[in-house]
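For reference, the structure is listed below as C-alpha cells.
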Amino acid sequence: EKRDISYILINKQKYETNFTPSEYEINEYYINNKKLFTIPEKRSFIQFNFKSKDEAIEFRKIILGKQKENIINIANEKNIIFNEFDDLAKFQVLDDLASSIFTLDKGNISEVIETTLANHIIFLESINNEREPSLIEVKEEIKKTLTNVQLDNFYDELKLNISQKILDGNSIKDISLENSFEIKEILKAKFSNVENDDIESQIINNSFSSNLDFTSDLFEYDENNAYVLFVNKIYESEPKEMEKIFETVKKDWINSKKINF
20 EKRDISYILI
30 NKQKYETNFT
40 PSEYEINEYY
50 INNKKLFTIP
60 EKRSFIQFNF
70 KSKDEAIEFR
80 KIILGKQKEN
90 IINIANEKNI
100 IFNEFDDLAK
110 FQVLDDLASS
120 IFTLDKGNIS
130 EVIETTLANH
140 IIFLESINNE
150 REPSLIEVKE
160 EIKKTLTNVQ
170 LDNFYDELKL
180 NISQKILDGN
190 SIKDISLENS
200 FEIKEILKAK
210 FSNVENDDIE
220 SQIINNSFSS
230 NLDFTSDLFE
240 YDENNAYVLF
250 VNKIYESEPK
260 EMEKIFETVK
270 KDWINSKKIN
280 F
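Residue numbering for the sequence shown follows my numbering, starting at 20 and increasing by one per position.
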C-alpha cells in the first residue's frame, strides 16, 4: 500500500528572532536579578595523594615553607601522585576535601586529610573571590534566557491553538492559511519497518495509522518540532505482475523445493 500525504511542520526555532529581547529588557533583567549571576569563590590547588597517613605526614614535613615549583619537584622525585585543579567552586570539590581547601590561605599547606579513597595534602595556589559579573559577561546568557522563556510560551500556546482548531473541524488548509504554514507533500509513500529517526520517516509511518481525508492530531516529534498530516489518497496493495518478478518467484520456488527435500 502507498499513500499521498500532505503535512505542515511547526518548527519552534523559526520564531526565535521574534522574541529577541531589547537592550533595555536585557539591562532591566540584569539589574533585577544580579544574584542569579553571582560567580562563587573559586580556588586553584594541588592535591597530593598517599596510601598511608604516615607517608603523608612525612611529605608534609619536607615541603612546609617551600614554593610550588620546589614542592612539585620533590613530589616527582619521590614518585608521589598529585593532581592540579584550576578554578573550582566549593560544590565542585568532594565534601571531605572542600572544608579544608576553602579555609586555607593562599600558598598554605593543609593538614593530612583522610578520605575513604586515600590520604591527601592540599597546597592552595590561588583564590578568586566571589563576585558579581558585569552586564557584558552575562549579556548573551540573559538574552538566551529571555528569548527561550517567551519562545517556549508562544510555542506551547501555538500547539494548543492548533489542536483546538483540529477538534473544531478545521482542515489542514485552514490551519495553514491562518498561521502562514507551508503545506508539503509526499507522494506514494511506503510504510517502513526499519527504525529511522528522521522526521519525514515518522510522518510517513504515522500516516498509515490515519484515515483518508482526515486531518490528524498534532504529533510531537521533539521539543522543537511538531506536525499535522492529512492523507490525500491511498493506493491499495496489489500483487506485482508475474513477468516483472519471475526470477524472484523462481528462486523462491527452488528454495522451497530444497527445503522440502
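By construction, the Cβ of each residue, glycine as well, lies at the ideal position given by its N, Cα and C atoms.
| Do you know whose CA, among SER190, GLU47, ASN225 and SER195, lies nearest ILE232's CA? | On the sequence shown, position 213 is the one that residue 232 refers to. The sequence as given places Asp at residue 232; Ile does not occur at that position. The candidate whose alpha carbon is nearest that of ASP232 is SER190.
| query | PHE173: which of LEU107, PHE38 and TYR26 sits nearest, CA to CA? | reply | By 1-based counting over the sequence shown, the position of residue 173 is 154. Nearest C-alpha to PHE173: PHE38.
| task | For GLN86, name the three-state secondary structure that DSSP assigns. | result | By 1-based counting over the sequence shown, the position of residue 86 is 67. GLN86: coil per DSSP, three-state reduction.
| query | In terms of alpha-carbon separation, which member of ILE24, ILE45, THR36 and ASN30 lies closest to ILE155? | reply | Along the sequence shown, read from residue 1 onward, the residue named residue 155 stands at position 136. Residue ILE45 is the option with its Cα nearest to ILE155.
| request: Could you tell me if GLN32 is buried or exposed, where buried requires 16 or more neighbouring beta carbons within 10 angstroms of its beta carbon? | output: Taking the sequence shown and counting its residues from 1, the one referred to as residue 32 is at position 13. Classification of GLN32: exposed, given that the 10 Å Cβ count is below 16.
| Residue range of the alpha helix (DSSP H) that includes ALA117 | Position 98 of the sequence shown, counted from the start, is the residue given in the question as residue 117. From DSSP, the alpha helix (DSSP H) with ALA117 extends over 114-120.
| According to DSSP, residues forming a beta bridge with LEU248 | Here residue 248 is taken as the residue at index 229 of the sequence shown, counted from 1. Answer by DSSP bridge pairing, in chain order: TYR26.
| N-terminal and C-terminal residue of the beta strand (DSSP E) that GLU144 is part of | Here the question's residue 144 lines up with position 125 in the sequence shown. Following the DSSP letters along the chain, one finds GLU144 inside the beta strand (DSSP E) bounded by residues 138-147.
| Quick one: Cα of ALA117 to Cα of PHE110, how far? | In the sequence shown, counting from the first residue as 1, residue 117 sits at position 98. In the sequence shown, counting from the first residue as 1, residue 110 sits at position 91. Pairing ALA117 with PHE110, the inter-Cα distance amounts to about 8 Å.
| query | From VAL157, TYR240, GLU239 and ASN279, pick the residue whose C-alpha is nearest to that of THR57; which is it? | reply | Locating residue 57 in the sequence shown gives position 38, where the first residue counts as 1. Closest by C-alpha distance to THR57, out of VAL157, TYR240, GLU239 and ASN279, is VAL157.
| task | For ASN138, count neighbouring Cβ atoms within 10 angstroms of its own Cβ and tell me buried if that reaches 16, exposed if not. | result | The residue you call residue 138 lines up with position 119 of the sequence shown. ASN138 should be labelled buried.
| query | Applying the criterion that 16 or more other CB atoms from any shown protein chain within 10 Å of the CB defines a buried residue, is THR234 buried or exposed? | reply | The sequence position of residue 234 within the sequence shown is 215, counting from 1. Burial call: buried.
| request: Grab me the residues of ILE81's own chain with a C-beta within less than 7 Å of its C-beta, minus the 5 sequence neighbours each way, in chain order. | output: Taking the first residue of the sequence shown as position 1, residue 81 is located at position 62. Cβ within range, chain order: ILE93.
| said: Using 8 Å as the threshold, is the C-beta distance between ASN16 and PHE210 below it? | reply: Since the first and last residues shown for the chain are 20 and 280, residue 16 lies out of range.
| Neighbourhood of TYR240 by C-beta distance below 8 Å, restricted to the same chain and skipping five residues each side | Taking the first residue of the sequence shown as 1, we reach residue 240 at position 221. Closer than 8 Å at the Cβ level, and outside the excluded window around TYR240, lie ILE218, GLN221 and TYR246.
| Hey, would you say PHE64 sits closer than 8 Å to GLU144, going by beta carbons? | Here residue 64 corresponds to residue number 45 of the sequence shown, with the count starting at 1. Here residue 144 corresponds to residue number 125 of the sequence shown, with the count starting at 1. Here PHE64 is near GLU144, since their CB atoms are less than 8 Å apart.
| request: Let me know if TYR26 comes out buried or exposed under the rule of 16 or more other beta-carbons within 10 Å of its beta-carbon. | output: Within the sequence shown, residue 26 is the residue found at index 7, counting from 1. Of the other Cβ atoms in all chains shown, 16 or more fall within 10 Å of the Cβ of TYR26; this residue is therefore buried.
| Within 10 angstroms of its Cβ, does SER62 collect 16 or more other Cβ (buried), or is it exposed? | Position 43 of the sequence shown holds residue 62. It is Arg, not Ser, that sits at residue 62 in the sequence shown. For ARG62, the number of other beta carbons within 10 angstroms of its own is at least 16, and it is reported as buried.
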